[in-house]
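Chains as they are written, first to last, in my numbering: chain A, 140 to 570; chain B, 6 to 217; chain C, 214 to 1091. A virtual CB, placed ideally from N, CA and C, is assigned to each residue, including glycine.
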Amino acid sequence: MSTKIVTARVGVPDSYLLSTYLEHGGYSSLKKALAMTPEEVHAEVNASGMLGRGGAGFEAGRKWAMLKQDVVRYLVVNGDESEPSTFKDHLLVEQDPHQLVEGTLITAYAIGASRAFIYLRGEFALGLERVQAAINEAYAYGAVGRNIFGSGFSIDLVLQPGAGAYICGEETALIESLEGKRGFPRIKPPYFPAVIGLYGAPTIVNNVETMSNIPWIIANGGKSFAALGKGRSTGTRLFALSGDVLRPGNYELEMTSKTFRELIFDPEFGGGLRDGRSVKAVIPGGVSAPWIGPDNLDLPLGQDEVAQAGSMLGSGSIIVIDDHSCAVRAAWRITKFFNRESCGQCTPCREGSGWIEKIMHRIELGSATESDLDLVLDVCDNIAPGLTWPPQQTTICVLGPSIPSSVVSAIKMFRDEFMIHIKEEGCPFVH
Amino acid sequence: MSFFTPENLGKAQVLVGLYPDKRSALIPLCHLAQGQHGHLSNEAMVEIAELLGIQPAEVMGTASFYDMLHTEEVGKYLVGVCTNVACMLGGGLELLEHASDVLGIPPGATTDDGMFTLEEVECVAHCDKAPCAQVNYRYFGPLADSDFDRLVDDLRSDRLSETVPPHGVLSRVFRDAPAMVPLEIIHQERRDMDEAKKARLAAQNQDAGGKQ
Amino acid sequence: MSTDVSQNLITISVDGKEIKAVPGELVIEAAEKAGVFIPRFCYHNRLPQVGMCRMCLVEVKGPRGFALQPSCYLPVSDGMEVITESDKVKKAQDGVLELLLINHPLDCPTCDKGGECPLQDQTLTYGPGESRFAEEKRHWEKPIAISDLVFLDRERCIQCDRCTRFADVIAGDALIEFIGRGDHTEINVFPDRPFSSYFSGNTVQICPVGALTASPYRFKARPWDLSQVESSCTTCSMGCRIMVQSSQNELTRYLGLDSDSINHGWLCDKGRFGFEAVNSSDRVTVPLIRKNGSFTETTWASALSLIASKVSSAKAAGDPNRIGFLLGSRLTNEDIYAWVKLAKGVVASDSVDCQLGDGLSGKVISVLPRATINQAASAKAILAFTGDIREEIPVLFLRLREAIKSGKTKLATIGTHASSLDQLSDVSVKVSPDQLQLLARELMQESSKFPDIASLFTTQGVASDGDGLVVLLGRENLAWDRSVAEAFAVELSRALPKAKFLITIRSSNFAGGVDLGAVPGLLPGRTPIEDASLKLRQKWVNLPGRAGYGAAEMLKSALRGEVDVLFLVGSDPRQDYVDSVLANSALDQVGFVVSVDTYLSQSSSMADLILPASSFAEKSGTTTNLEGRVLTLNQKVTPRGLSRPDWTIASEIALELGEDLGFTSAADVLDEIAEVSPLHWGLSWHRLTRSAALEGVVIPISPTSLSIRPNAMLDQVSTPGIASVWNQGLASSKTSFLENDSEGDIEQVAEAPSQATRGLGESIWPLAPIQLLGFMNLVYTPKLYSHGEHLKNSPHLSHLAVEAKCRISGRTANDLGFETGDSVRVADKAGGEGLFELEIDDSVRDGTVELTRGSFAISGFSPVRIGETVNYVKVERA
Ligand SMILES: Cc1cc2nc3c(=O)[nH]c(=O)nc-3n(C[C@H](O)[C@H](O)[C@H](O)COP(=O)(O)O)c2cc1C
Ligand code: SF4
Ligand code: FES
């Protein structure tokens, strides 16, 4: 049995209540942290080497170190989780909201935030209720508010609901949304909100899972965290497995300890595919990531390992597509998602996403010609010049260059399948 | 006449007070208004604009960006069928078709009795229960066609009113404590913290210097 | 920009060519100055950058080699390498254009923008050959009216955020917004809240496609039929620089020119759409003489000889001051000079005034140290005691708003009523007349009774002698006699001798009037008559021997039957004089009223003789804006009917009287002005139309500033057609400021002529207001759309005219038992009364009544009576 960090209490009855959390040693990390200096807390996180769990995989300790030391600075927790097939934060906020609150408060202390916000995806109705209840309980318990546990440290924690816009997961769009505006990603530079963020003040944005790891790191020390995993991939990660597997679900695994194949086929995890089917493609790290083929199934689940294979571990979600499923249809559906979710600022993303979706749909429906394949790739190239990985971009944020990932992967890996759609004027798969 | 009920106006004022800049309360206030009225009416947006000191057009401009904020009336139950890739692999598109047949409306429409609005939605982070649907943002899945029929039945006959409140009611848990630590106090605390930190660093440097 | 900027310049390379750039400037700007035009849509030099359209992508070398970057968002840095022409850039530009076009309708033939459309133009230059888009385009309902003046075609919109940014950031009227998300984004207004901004026309001008069109211009002309000249708007005293366009000898459109010192490219809607008044069919086109109570046409010759005989006999009767001259805001400097010369140099009457009781005394204006708009916008602090700038001088409001919002300066306001400046001010103090004196004396003292203002100014670094402070001085409330503001200003100027004043009086060219002697007692150059120079005496043969009357005294003496001939030159006192009761009864008593006018105004329609005058754009000349900047006005169309420019009419009358004013062209007049007026030294038509065309010249000119830098004039994206005219040199010559730098800076504005403030403003302090039984405080101010000939004759503006309402606060209404919609009788102190609809408005102070000037004309009723220092009114249920 491997170490469970963020899901240790998942499955425990009433895991979301303060009483349960306290029974399991809850808030002792916060007390411990408040007895340390903020630098010491930061040092532990540095020592853990933990990479952010939101998708970009930037080291948390390093990000905190970049925070401009103005008097006013903020902490914003990114719980907008909307990357298709990512459902790990959903689990964490519903099942262990106090862990998130505690991690957030420890971080707020370490970085000296003036106020902390948890921005939660609006559709997480139950999550919103659980986190708000947890915050209320935490106030009553004295873990947040004025002079926490008599330490002299005070802070307020505010839960902010989103309202349904994928782009608000992008940290600068999230900040705009938190300011009560349209979720338009901000143009860079500055490259990080750590310089100019919420209300123009330096701001740290970290993912829910990132925050949820903090109490454990403080309780057990950054070194113990770093002892798990390999290379830059330290600790555990919550992998959200979905698609054509028998046992989809969230699995917390020590990083790099398992391969894709093990995750998909191990009876303890994915449990394999339906009778006799085989893996056609895997989308690792959310639909923004390029697909990998069956030849890459033995890659370990680690940040750099997946990057070397030309994709990314991203948000830690893994979609399995089996050989009975249509690659064209999957790629089309993903472009439709991006078209619906483009914020609309940048011409290439706003107009390109719609055009690509329309062409892909025509291909899937069988009313396209071969030249449409070149056309769609060329439109993709106008959003992500060169169609390289990591992508170049003609847009403000990386949603734009994420659009081509699936299209390009699918055409590259399954050109024959596209051609069948075109020649037979329709999709050969039964749905 | 104010749009918000006195009770909700109180909640609205608490929300406005939570932020260094009150415009941040825009989305929470829109949710509050939807909770009261089922959708976000023009009247509500005008009042929200007043509470925030901005123009109604700014409220509408912001609200219209977000899928959950409905400026047009929607049914008591907003049924969202996910067809994004994980659900699609599990039959999401077919489930949507079935839902459309059962409810007798295309996606985007509302039944004549005002009970249901059907939507095709993007991934709702319930992918291990594919294909799944949300009803007023409460999740159901995996749903075979028959499961969906039962769900509609249950909703029609009010058997799920505990789990699924009418559209607009998002979180039923509200903040207990409007009282915040005033930012001035926080800022003073932070200044002191930063000073102390500087002093510690200086002392460390001196130590390091002394040892050399 | 001073010369030493060149030492801080950095070097970047653009397409392999080294160019100099100013640190902090954007790549797109630096490249353009070096002659490399990078295509763009969303970029606008006066708006915050958003980098949304992605048209301006160029390759910039970074740590990982060359990558595409938006040149509109990237500041230059030393050694930066930029490539604007490469396959990669070309592909990106092609791509953006193709993508913009996939959902853009192909209705160019019927689109107002066709022919001057950057989307069209850039598609030709940078775009793909043909579209590969085979699907259905996005559809929206074709143009919808989002206000009375602006139509929106959402299909044409390319989501550049220009209109929305302008409305929100520059105008502060966030009434149009992006609605929806992604490729469903549209621009729209909130239901039942139209885009009723005073500045809406600017969004039409800066829209890079035909999405926003203005109703006065829609389908009027095609760009290739237009011809144009540069000019200056004379709707108010701001003097915004404009491009005047016409088609087939009819005005079709004004566009704002981007002048650094004045309007930054913006215009208000009243100015922009006022061109319709010139085209009005109600123009007076022939001389008209009153016979048996009605007008009949007459010839110029008989009209002029009749005038000469009336003037001669009046003169023969004795005091030439019995011949009065009221000059209006339509006049150019040349018109004013000619008429003043006629009055003071030929007729020998000193009874000349260029204001109608709504301004400030010419003498006081003359002695206050003058500030420019740019100085106000960069002052350490501003003190405003003025009418609502947004209502009176709208584009000045934009300039101040920008300056304050961007933190360049801070503002304190004092006054009697809420104004749009309050939203911008850090301190806003309501005062009574008697407190003003105290305030002026103690403004910068620690013990000040107004500590908020004092501490704001001190923290801002205003010196104890007022250095760094700019005072906006206008008529905050017309219910207070002008002496209140004058005494305040004089007192303040004594206490803070280094403080500068920007006179915020609305009426156009009031400054030219004051500078050119259209006030009693002064000659051109603000010279007292007794100090007339030899040069002037040679040209002005009959100087007045006796002090004449200003408007108020002129009207009062007319009432006593002591005015024999009155010239109303573009002046309509029956409608516009603050005390309309006085004006109307006085004019009834004048022996012979000559009206030189463009329309049958209230006054001209009751005159004895009407001479048709040429209107704006029918004559050339100069005007002086509120900061003392002399700007050119250019003729675009031929004068209507038999109308003539005002200065020629003065010359003709002089000739009839046996004197030759000595002018054959407006340029002659300007030359003489420069000769006799020390203030106007160095001015010439040549100079104003060459090096100083765009920015004009602030007078007096300092000898070291013989040239100024013209700025980029028009944003090339909104009006590429115009920009190309500019490039062809048909407008004024284009000079890069880098070349021109050594020639110094025109912003060295002269201080006031060295007249002391002594003797002025003594003993005119009014008493503290006394609450007379039943009377209430009165606030009497104009709005932008107050009635007037201009508004009446502009079909698309006339229905915007403000309604006559009597506004009081909710509390006061409660006390009096009134409700909104009630009909009330307002009585002035002299017993006149008028009926008004009551409106509850909580921005009105308790115990105060607000009436809008120019919203009503009621015979026998004038809420403001000349002679009262503070006016009150009574309000009763009708
Ligand atoms: C289009 C887009 C969507 C994103 N969505 C999310 C999200 O839902 N949740 C999240 O934590 N990060 C998301 N991110 C990444 C965030 O911008 C940011 O990197 C992250 O929240 C930082 O947290 P971490 O350092 O703890 O990983 C998204 C980024 C992009 C470009
Ligand atoms: S790339 Fe797309 S989502 Fe990102 S800012 Fe541009 S338009 Fe918006
Ligand atoms: S992105 Fe630079 S001009 Fe639009």
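Looking only at its chain, what residues have a beta carbon closer than 6 Å to the beta carbon of residue i, apart from the 5 residues adjacent to it on each side?
| i | result |
| --- | --- |
| proline 439(A) | Thr395, Thr398 |
| isoleucine 1053(C) | Gly1023, Ala1026, Thr1033 |
| tryptophan 430(A) | Ala420, Ile422, Ser548 |
| valine 1039(C) | Cys1019, Gly1047, Phe1049, Val1086, Val1088 |
| lysine 230(C) | none |
| phenylalanine 805(C) | Lys523, Val778, Asp821 |
Which chain A residues are close to residue i, counting only those with a beta carbon under 9 Å from its beta carbon?
| i | result |
| --- | --- |
| arginine 394(C) | Ala304, Ile306, Arg321, Gly322, Arg479, Glu480, Ser481, Cys482, Gly483 |
| proline 25(B) | Val211, Tyr213, Ser253, Arg254, Leu337, Tyr338, Ala340 |
Mind reading off the beta-carbon distance from residue i to residue j? Whole number of angstroms is fine, and I expect it under 8 Å.
| i | j | result |
| --- | --- | --- |
| leucine 362(C) | phenylalanine 486(C) | 7 Å |
| cysteine 465(A) | cysteine 566(A) | 6 Å |
| methionine 552(A) | alanine 420(A) | 6 Å |
| alanine 227(B) | leucine 94(B) | Nothing about residue 227(B) can be read from this structure; chain B reaches only from 6 to 217. |
| isoleucine 250(A) | tryptophan 203(A) | 5 Å |
| leucine 317(A) | tyrosine 258(A) | 6 Å |
Taking all protein chains shown into account, decide if residue i is buried (16 or more other Cβ within 10 angstroms of its Cβ) or exposed.
| i | result |
| --- | --- |
| alanine 700(C) | buried |
| valine 546(A) | buried |
| threonine 509(C) | exposed |
| histidine 560(A) | buried |
| phenylalanine 364(C) | buried |
| serine 955(C) | Low per-residue confidence applies at serine 955(C): pLDDT is 32, beneath 50, and the placement is therefore not dependable, though the value from the model is reported in the following sentence. Label assigned to serine 955(C): exposed. |
| glutamate 311(C) | buried |
| alanine 812(C) | The question names alanine, but residue 812(C) in the sequence shown is tyrosine. With 16 or more other Cβ atoms within 10 Å, it is buried. |
| alanine 944(C) | Because alanine 944(C) sits at a pLDDT of 34, beneath the cut-off of 50, its placement in the model cannot be relied upon, and the following sentence gives the value as read from the coordinates. The residue is buried, with at least 16 neighbouring Cβ atoms inside 10 Å. |
| serine 290(C) | exposed |
| glutamine 941(C) | Confidence is the limiting factor: at glutamine 941(C) the pLDDT is only 32, short of 50, which leaves the residue's position unreliable, though a coordinate-based value still follows. By the 10 Å Cβ count, glutamine 941(C) comes out exposed. |
| alanine 273(A) | buried |
Under 7 Å Cβ to Cβ from residue i, same chain only, skipping five residues before and after it: list those, please.
| i | result |
| --- | --- |
| proline 111(B) | Ser105 |
| valine 1111(C) | Because chain C spans 214 through 1091 in this model, residue 1111(C) falls outside it and cannot be assessed. |
| lysine 621(C) | Ala590, Ser591 |
| tyrosine 390(A) | Phe378, Leu380, Leu402, Phe408 |
Would you mind telling me which residues of chain A sit closer than 8 Å to residue i, beta carbon to beta carbon, in chain order?
| i | result |
| --- | --- |
| glutamine 304(C) | Checking the displayed sequence, the identity of residue 304(C) turns out to be lysine instead of glutamine. Per Cβ cutoff of 8 Å: Asp520, Asn521, Pro524. |
I want to verify the contact list: residues of chain B whose CB lies under 8 Å from the CB of residue i, in sequence order.
| i | result |
| --- | --- |
| serine 464(A) | Leu94 |
| aspartate 153(A) | Per Cβ cutoff of 8 Å: no residues; aspartate 153(A) is ~15 Å from chain B at best. |
| glutamate 268(A) | Ser176, Arg177, Val178 |
Just to make sure I have the definition right: I need the residues of chain C whose C-beta is within less than 7 Å of the C-beta of residue i. Which are they?
| i | result |
| --- | --- |
| glycine 336(A) | Those do not exist, as glycine 336(A) stays about 18 Å from chain C at its closest Cβ, beyond 7 Å. |
Exercise. Does the pairing of the region 510-522 of chain C with the region 703-722 of chain C give three or more beta-carbon distances under 8 Å?
Worked result: no
Problem set entry | Given 8 Å, three or more beta-carbon pairs between the region 364-372 of chain A and the region 180-200 of chain A | yes
Exercise. So, do the region 582-589 of chain C and the region 882-893 of chain C have three or more beta carbon pairs nearer to each other than 8 Å?
Worked result: no
For this session: Check whether the region 418-429 of chain C touches the region 365-373 of chain C, taking contact to mean three or more Cβ pairs, one atom from each stretch, closer than 8 Å.
Result: yes
Exercise. Does the region 877-889 of chain C come close enough to the region 530-540 of chain C to have 3 or more Cβ pairs within less than 8 Å?
Worked result: no
Problem set entry | Touching by the beta-carbon criterion (3+ pairs, under 8 Å), the region 309-329 of chain A and the region 15-23 of chain B | no
For this session: Report yes or no: do three or more beta-carbon pairs, one from the region 274-283 of chain A and one from the region 293-310 of chain A, lie closer than 8 Å?
Result: yes
Problem set entry | Contact the region 675-693 of chain C vs the region 548-564 of chain C: 3+ CB pairs below 8 Å | no
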